[in-house]
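Chemist: Residue numbers (the numbering used here), protein chains in the order written: chain U, 1 to 107; chain L, 108 to 225. Where a beta carbon is used, it is the ideal one built from N, C-alpha and C, also for glycine. This one's a predicted model, so the numbers in the text were calculated from it and none came from an experiment. Pasting a structure here, questions to come.
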Amino acid sequence: SQQGEEDPQALSIQEGENATMNCSYKTSINNLQWYRQNSGRGLVHLILIRSNEREKHSGRLRVTLDTSKKSSSLLITASRAADTASYFCATAPYMRFGAGTRLTVKP
Amino acid sequence: ETGVTQSPTHLIKTRGQQVTLRCSSQSGHNTVSWYQQALGQGPQFIFQYYREEENGRGNFPPRFSGLQFPNYSSELNVNALELDDSALYLCASSYFPLAGGVSTDTQYFGPGTRLTVL
Numbered sequence: 001s002q003q004g005e006e007d008p009q010a011l012s013i014q015e016g017e018n019a020t021m022n023c024s025y026k027t028s029i030n031n032l033q034w035y036r037q038n039s040g041r042g043l044v045h046l047i048l049i050r051s052n053e054r055e056k057h058s059g060r061l062r063v064t065l066d067t068s069k070k071s072s073s074l075l076i077t078a079s080r081a082a083d084t085a086s087y088f089c090a091t092a093p094y095m096r097f098g099a100g101t102r103l104t105v106k107p
Numbered sequence: 108e109t110g111v112t113q114s115p116t117h118l119i120k121t122r123g124q125q126v127t128l129r130c131s132s133q134s135g136h137n138t139v140s141w142y143q144q145a146l147g148q149g150p151q152f153i154f155q156y157y158r159e160e161e162n163g164r165g166n167f168p169p170r171f172s173g174l175q176f177p178n179y180s181s182e183l184n185v186n187a188l189e190l191d192d193s194a195l196y197l198c199a200s201s202y203f204p205l206a207g208g209v210s211t212d213t214q215y216f217g218p219g220t221r222l223t224v225l
């Protein structure tokens with residue numbers, strides 16, 4: 001069964017804008033990870049945040065984790081057309097993925 | 108350092124048949140996980156293998172089975188195929204330093220095998 005639930009299901013923005021995606025989960029976690037998937041191919045790991053961390057940065061990515069609300073957010077700043085993809089959160093253990101957010105960045 | 112590879116890329120089978128999908132892990136990784144991803148959905152965890160033994164399983168029936176070999180390549184076998192088994196099958200490798208439990212660290216995914224069951 002799925003654990004993470006991403007919100008929104010789809011997001012369309014202009015190049016240069018920021019994109020924010022949210023993830024909610026139900027049970028205790030060791031860590032939460034965000035992945036990107038292009039055109040139904042393999043997933044690419046973006047960032048991992050551990051349960052004792054609240055915020056993490058990697059390049060244009062910023063992830064927050066609120067374990068009291070069982071939620072996380074992924075912020076992509078200054079988006080590019082190449083960021084167009086589906087984004088998934090996954091909770092560990094057992095790597096349960098949500099249904100994903102489909103991000104479209106228009107040039 | 109080579110990445111995770113999967114074969115074949117695409118496969119078409121008929122209902123009731125059996126299928127074997129193959130995965131070659133990233134160099135240095137000792138853990139492999141398999142996922143099923145239906146169209147428009149997120150990946151669903153099937154099982155994970157660590158040092159050639161299954162050490163975690165999702166909500167999949169026994170007709171889904173696997174093997175991990177000493178060189179850390181692995182197979183996913185599905186018997187008695189059903190129409191709902193049509194999906195993208197992904198394998199992912201990782202390094203897990205401790206015995207027991209399920210690897211919870213970063214997983215490196217292969218490109219997937221698209222299985223169609225007619």
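Quick one: does S131 (chain L) have its CB under 8 Å from some CB of chain U?
Modeler: Judged by the 8 Å Cβ criterion, S131 (chain L) is not in contact with chain U.
Chemist: Determine, using beta carbons only, whether V128 (chain L) and T223 (chain L) come nearer to each other than 8 Å.
Modeler: A quick correction: the sequence has Leu, not Val, at residue 128 (chain L). No, Cβ-Cβ distance for L128 (chain L) and T223 (chain L) is not below 8 Å.
Chemist: Around the Cβ of I119 (chain L), are there at least 16 other Cβ atoms within 10 angstroms (buried) or fewer (exposed)?
Modeler: Its Cβ having fewer than 16 others within 10 Å, I119 (chain L) is exposed.
Chemist: Tell me which same chain residues have a C-beta within less than 8 Å of the C-beta of T112 (chain L), skipping the five on either side of it?
Modeler: Taken in chain order, the residues that qualify are C130, S131, G217 and P218.
Chemist: So which residues of chain U does F167 (chain L) contact, with C-beta pairs closer than 9 Å?
Modeler: The premise fails here: F167 (chain L) is roughly 11 Å from chain U at the closest Cβ pair, so nothing lies under 9 Å.
Chemist: Tell me, to the nearest whole angstrom, how far the beta carbon of Y179 (chain L) is from that of V139 (chain L); I am working on the premise that it is less than 8 Å.
Modeler: Y179 (chain L) to V139 (chain L), Cβ: 7 Å. Contact.
Chemist: Starting from the beta carbon of F152 (chain L), find every residue of chain U whose beta carbon is closer than 7 Å, and list them in chain order.
Modeler: What F152 (chain L) touches in chain U: Y94, M95 and R96.
Chemist: Are M95 (chain U) and F154 (chain L) closer than 8 Å when you measure CB to CB?
Modeler: No, the pair does not count as a contact, with Cβ atoms beyond the cut-off.
Chemist: When we look at the beta-carbon of E159 (chain L) and count the other beta-carbons within 10 Å, is it buried (16 or more) or exposed?
Modeler: The residue is exposed, with fewer than 16 neighbouring Cβ atoms inside 10 Å.
Chemist: Figure out for me which residue from U:W34, U:V105 and U:K69 has the closest Cα to the Cα of S24 (chain U).
Modeler: For S24 (chain U), the nearest C-alpha among the options comes from U:K69.
Chemist: Please say whether Q175 (chain L) and A199 (chain L) have beta carbons closer to each other than 8 Å?
Modeler: Not in contact: A199 (chain L) and Q175 (chain L) (Cβ atoms no closer than 8 Å).
Chemist: Closest to E5 (chain U) by C-alpha separation, out of U:P107, U:R102 and U:K106, would be which residue?
Modeler: For the residues U:P107, U:R102 and U:K106, the minimum Cα distance to E5 (chain U) belongs to U:R102.
Chemist: Helix, strand or coil for D83 (chain U) per DSSP?
Modeler: The answer is helix: DSSP assigns D83 (chain U) an H, G or I state.
Chemist: Are any of the Cβ atoms in chain L nearer than 8 Å to that of H45 (chain U)?
Modeler: So yes, H45 (chain U) belongs to the interface.
Chemist: Mark V105 (chain U) as exposed unless 16 or more other C-beta atoms lie within 10 angstroms of its C-beta, in which case mark it buried.
Modeler: Burial call: buried.
Chemist: Whole beta strand (DSSP E) runs in the segment 151-222 of chain L with 3 or more residues, listed along the chain?
Modeler: With a minimum length of 3 residues, the continuous beta strand (DSSP E) runs that stay inside the segment 151-222 of chain L are 151-157, 160-164, 171-175, 180-185 and 194-201.
Chemist: Leaving out five residues before and five after D7 (chain U) in sequence, what residues of the same chain have Cβ atoms less than 6 Å from its Cβ?
Modeler: Same-chain partners within the cutoff: N22.
Chemist: Any heavy atom of the ligand ATP within a distance shorter than 7 Å of the CB on L103 (chain U)?
Modeler: The ligand ATP is not part of this structure, which contains no ligands at all.
Chemist: CA-CA distance, F167 (chain L) and G135 (chain L)?
Modeler: Roughly 28 Å separates the two Cα atoms.
Chemist: Would you list, in chain order, the members of the segment 30-44 of chain U that have their beta-carbon closer than 9 Å to a beta-carbon of chain L?
Modeler: Cβ contacts with chain L come from N30, N31, Q33, Y35, Q37, G40, R41, G42, L43 and V44.
Chemist: Starting from the N-terminal side, write out each stretch of the beta strand (DSSP E) that is 3 residues or longer and does not extend beyond the segment 42-70 of chain U.
Modeler: You should have 43-50, 55-58 and 61-66.
Chemist: Cβ closer than 8 Å: which chain U residues qualify as neighbours of T213 (chain L)?
Modeler: Q33, H45 and L48, listed in chain order.
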